[in-house]
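Shown next, in structure tokens, is the structure this report addresses.
2 protein chains.
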Amino acid sequence: MALIVQKYGGTSVGTVDRIEKIAHKIDAFRDKGDDLVVVVSAMSGETNRLLELAEAVHPHVRGRELDVLLSTGEQVTIALLSMALNRLGCPARSYTGSQVHILTDNVFNKARIRTIEQEKIRADIERGCVVVVAGFQGVDEQGNITTLGRGGSDTTAVALAAALKADECQIYTDVEGVYTTDPRVVGEARRLDRITFEEMLEMASLGSKVLQIRSVEFAGKYNVPLRVLSSFVEGPGTLITLEDEHMEDALISGIAFSRDEAQLTITGVPDHPGVAYRIIGAVSDLNVEVDMIVQNVGADDTTDFTFTVHRNDYERSLAGLQTAATELNAREVRGDTKIAKVSLVGVGMRSHAGIASKMFGALGKEGINILMISTSEIKISVIIQEKYLELAVRALHDAFELARHPKDRVDTANP
Amino acid sequence: MALIVQKYGGTSVGTVDRIEKIAHKIDAFRDKGDDLVVVVSAMSGETNRLLELAEAVHPHVRGRELDVLLSTGEQVTIALLSMALNRLGCPARSYTGSQVHILTDNVFNKARIRTIEQEKIRADIERGCVVVVAGFQGVDEQGNITTLGRGGSDTTAVALAAALKADECQIYTDVEGVYTTDPRVVGEARRLDRITFEEMLEMASLGSKVLQIRSVEFAGKYNVPLRVLSSFVEGPGTLITLEDEHMEDALISGIAFSRDEAQLTITGVPDHPGVAYRIIGAVSDLNVEVDMIVQNVGADDTTDFTFTVHRNDYERSLAGLQTAATELNAREVRGDTKIAKVSLVGVGMRSHAGIASKMFGALGKEGINILMISTSEIKISVIIQEKYLELAVRALHDAFELARHPKDRVDTANP
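Quick note, the sequences are listed as chains H and X, same order.
Position 358, counted from 1, in the first sequence is what UniProt numbering calls 358; the numbers after and before it change by one each time, with no gaps.
Position 65, counted from 1, in the second sequence is what UniProt numbering calls 65; the numbers after and before it change by one each time, with no gaps.
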């Protein structure tokens, strides 16, 4: 008999009808004999409704009271789901983050989980109950309500699975799993049976929005097998685990992309030690996160810097950079918001050369110019003009034969 | 410097605009130097919205999960009001019933308060904070969320005032105080400056819906001065206290009435010991509360019984009574739902004869037939045909000169 933690997101519990469907699903699961702990989000739209109320009484409000407000969203769902289960004759008990004592630090609006009390959950499970826990929320040492930030329900589920040493943590979403790339861009995109935590992290941070990054980190850290499945369509989903012998023998697992980038360039900077710090420092002092950074050698003892930031941070960053440019007596500052990032991700590329050249070749064949390149152990990212984004993703998906299972690919040789 | 507990009901916090108005009101109060603990209800409509959701997933649901659901209503309000106060620069902190540890028994949906922890509230008050507490809710010894039943926010406020030994508990509503009778029926109805707990209990239980009965009982028991005021109109409201020398020197304080009654009669019952028990028992076994009971001596060793029940319980009661009638070999069972109850209430009538005869005279002059009479120390109630209700209330209001202040009344003599 396995212990499974399941998490249903806002869309899955978005209406009373859907809550009833999920209750039937859970009841059927119970009949198979597994023990279940279920984590739910607020009904879709509810968090935004609450945020609008908050905006109306106190624009841009943050802090303690916002968490008191937002945490009601999940509390409504746990009650309704437990009622629906009880009506089906399936014993169920709901718990808020505070009741099951999901202890967090005291950083309101984006708290981090420290510990979870298991006592009540274990006792309920032993009595044959389905335990329904509110995602996204916890309580600090002083008893204040905290929330984990958007998407935090995934983290709650993984943290519960880790604490209870569950056999699997299943994240139910509106997609059928993790795909080789976004199926809306590439029709033949293929659902992956398995993917490693590392790859999933790269996919998630590069714009693939299936799972919240922190929950993947957490699952990796505590080695909680994590499965992404659809709430609406039956299927095995995608299992996210440590790398093992069952892994697909692939060089590349998937292609992630993001349109949220903007590029900034400063040219003709004196090539002295400390200059990089002064340039990037000027931007990060504004609380802007810098993503890719490239430095080129320029002419006559000067150098050129290019880096990317989130598109929302572009204007602020440009202003900060211009100030720095004046101080550094740089030649020019320029920027571009019409760019996009495309990345190949795969643990297999660690042991294989030639991935980068094949990638650049495929893009070149389509006439797509590469503006920046950045690589890590399991990923190669390029910045291109935004208008080429779909073309680039399709070209790479074809070139690396991602629509086929790895064992059927032409050039997937064993190392 | 006084410590005041204020309670704002659902209508007073029904919209974001109203919450902001209440915040300004509270902020102005603070500026006068008093310490404030504020209890709020759910925004009007919210509890019904939540009940509809519950009905949709589990019709007629009761018990633990309903309280988890309903308690979110007040939690939203405490957060929004605290945000609004903080925005005005008025420090405020919100607490759910569970956070401030309003310990109740474990009767879900209608729990009773046992104790309240004062520590956090006192500490916040000392730091100059307005403490905002969710009404209507508490927590049992196992940490389960409980609710006090409809109108329970009044009880929360009074219980907090009692625990904190507050100088006054102010209940803000949509009326300007307690009136001599319903101003919608009698245009000249007069706001009372003061009324005793006892009188208020009679007024409340007789259909005057200003305050929840349990909160008045609670205030009387712990001698918490209770003031009813309007959220929307400035004014002193009505103070509900122990009887004292400041009391209006009135025989009659007010006229309460109710249309929710139905009358049942059983005639020709053998006049034996135990018969009353068998008749009333047959009805109360159905969990019906019996209000007025009158027994008349009938002809030839039989007796007639008449009693009233809530109109909603009429059909069930009639069926029960008919069964009892067959067993008792009674002559006849009949009933009437077109009746109403009118009551004179006043602590002054204890020491004055002649109130009843004056009442009956005033009704007789208008041609209103009295169907039943019942009296207590501070109240006389009559049952009349419903169609005469408004006429009767106006006639009595005139006869006892309630529109005038007691010292200006013609026949208000000192005893």
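Even glycine gets a Cβ: it sits at the ideal position worked out from N, Cα and C.
- The Cβ-Cβ distance between E199 (chain H) and S253 (chain H) falls below 7 Å.
- One thing to note: A79 (chain H) has its Cβ no nearer than 7 Å to the Cβ of E74 (chain X).
- Close to R87 (chain H), with beta-carbon spacing below 9 Å, are these residues of chain X in chain order: V57, H58, P59, V61.
- No Cβ of chain X is located within less than 7 Å of the beta carbon of Q322 (chain H).
- If you check the CB distance, I255 (chain X) and H397 (chain X) come in under 7 Å.
- Distance from the CA of V68 (chain X) to the CA of D105 (chain X), rounded to the nearest whole angstrom, comes to 15 Å.
- In the three-state reduction of the DSSP assignment, T173 (chain H) falls in the strand class, which pools E and B.
- Only residues of its own chain outside the window of five on either side were considered, and among them E199, A250, L251, I252, S253, I378 have a CB closer than 7 Å to the CB of G346 (chain H), listed in chain order.
- In this structure, DSSP gives P91 (chain X) a state outside helix and strand, which the three-state scheme calls coil.
- Here A23 (chain X) has L81, A84, L85, R87, L88, C90 as same chain residues with Cβ atoms under 8 Å from its own Cβ, once five neighbours each way along the sequence are excluded.
- Ranked by Cα distance from N312 (chain H), the options H:E119, H:R331, H:A330, H:K338 are led by H:K338.
- At a cut-off of 7 Å between C-beta atoms, G128 (chain H) does not count as an interface residue with respect to chain X.
- With respect to the 7 Å criterion, G135 (chain X) and V233 (chain X) are not classified as neighbours on the basis of their beta carbons.
- Annotation: Cβ neighbours of I19 (chain H) in chain X (cutoff 8 Å, chain order): V57.
- Put simply, of H:L318, H:L50, H:H272 the residue whose alpha carbon is nearest the alpha carbon of S284 (chain H) is H:L318.
- For the segment 223-248 of chain H, no residue has a beta-carbon sitting nearer than 7 Å to a beta-carbon of chain X.
- Rounded to the nearest angstrom, the gap between the Cα atoms of S98 (chain X) and E315 (chain H) is 46 Å.
- In the structure shown, V61 (chain H) adopts coil according to DSSP, grouped into three states.
- Residue nearest to V309 (chain X) within the set X:S258, X:S343, X:P273 is X:S258 (criterion: CA-CA distance).
- Considering only H:I373, H:P236, H:V38, H:I213, the residue with the shortest C-alpha distance to I121 (chain H) is H:V38.
- According to DSSP, R334 (chain H) shares a beta bridge with H:T265.
- The criterion of a C-beta distance shorter than 7 Å is satisfied by V13 (chain H) and T77 (chain H).
- Counting along the chain, the unbroken alpha helix (DSSP H) around S215 (chain H) starts and ends at 213-221.
- A residue is called buried once 16 or more other Cβ atoms fall within 10 Å of its Cβ, and T115 (chain X), having fewer, is exposed.
- Close partners of S374 (chain H) in chain X (Cβ separation under 7 Å) are lacking, with about 42 Å as the shortest Cβ gap.
- In the three-state reduction of the DSSP assignment, S41 (chain H) falls in the coil class, being assigned neither a helical nor a strand state.
- Contact with chain X is found for Q99 (chain H), since one of that chain's Cβ atoms lies less than 7 Å from the residue's Cβ.
- N329 (chain X) counts as exposed, since fewer than 16 other beta carbons sit within 10 angstroms of its beta carbon.
- Along the segment 62-79 of chain H, the positions whose C-beta sits under 9 Å from a C-beta of chain X are G63, R64, E65, L66, D67, V68, L69, L70, S71, T72, G73, Q75, V76, I78, A79, read in chain order.
- For the segment 133-159 of chain H, the set of residues with a beta-carbon nearer than 7 Å to any beta-carbon of chain X comprises G143, in chain order.
- Only those residues of the segment 22-33 of chain H whose C-beta falls short of 9 Å from the nearest C-beta of chain X are listed: A23.
- The beta carbon of A403 (chain X) is closer than 6 Å to those of E188, R190 in its chain, skipping five residues each way along the sequence.
- Taking all protein chains in view, the Cβ of D408 (chain H) is surrounded by fewer than 16 other Cβ atoms within 10 Å, so the residue is classified as exposed.
- Relative to D35 (chain H), the option among H:A2, H:I380, H:K165 whose CA is nearest is H:A2.
- In this structure V130 (chain H) is not in contact with I240 (chain H), their Cβ atoms being roughly 24 Å apart against a cut-off of 8 Å.
- Under the DSSP assignment, L344 (chain X) falls in the beta strand (DSSP E) whose first and last residues are 339-345.
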